[in-house]
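At position 103 of the sequence shown (counting the first as 1) the number is 572 in this note's numbering, and the numbers step up by one without a gap. Even glycine gets a Cβ: it sits at the ideal position worked out from N, Cα and C. Remember, predicted model here, so these are calculated numbers, not experimental data. One structure below.
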Amino acid sequence: MTQPLAFEIELDQPFEAAVETVTAALKTEGFGILTTIDVKATLKQKLNEDFRPYVILGACNPPLAHRALSAEARIGVLLPCNVTVEATDSGGSLVRLGDPHVLLQVGGLDQNPAVREIADDARARLQRAARSLEQDSA
């Protein structure tokens with residue numbers, strides 16, 4: 470069985486509100502948003518293609534990032550943590566928070582015990598953020 474790439478939550482909130490809710494949930498767990506990629510606007514501008522509202526948030530917890538980069542420089546290609554928010558046809562939103570455990574399997578980075586410990590911490594924080602989003606949606 471394939472392990473899911475991300476924690477996935479459906480929110481009964483319109484897109485813009487969901488982006489704010491997700492940002493707040495991440496902030497509670499020590500993550501700030503370093504980048505926001507507006508996929509819809511980018512595809513329209515670059516390809517003149519229409520796309521649903523969809524953003525990729527680059528979330529960073531500076532202490533975790535520092536520890537991870539100090540333990541394994543190659544981990545930088547996986548930073549920041551990506552979180553996506555997209556509008557659904559029902560008027561709600563779909564959120565995906567990348568699972569650090571799955572992502573670290575790329576290139577065998579999960580073999581480093583120090584990196585695994587940091588990934589455990591990051592994963593726990595992202596899971597708590599996901600649970601808080603699920604509770605807000607219930």
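Closest by C-alpha distance to residue 564, out of 529, 501, 524, 496, is 524. For residue 552 against residue 566, the beta-carbon gap comes to about 5 Å, under 8 Å, which counts as contact. Sixteen is the threshold: since fewer than 16 other Cβ atoms of the shown chains lie within 10 Å of the Cβ of residue 516, the residue is exposed.
In this structure, the CA atom of residue 530 is about 22 Å from the CA atom of residue 580. For the segment 528-594, the continuous beta strand (DSSP E) assignments of 3+ residues that do not extend past its boundaries occur at 550-556, 562-567, in sequence order.
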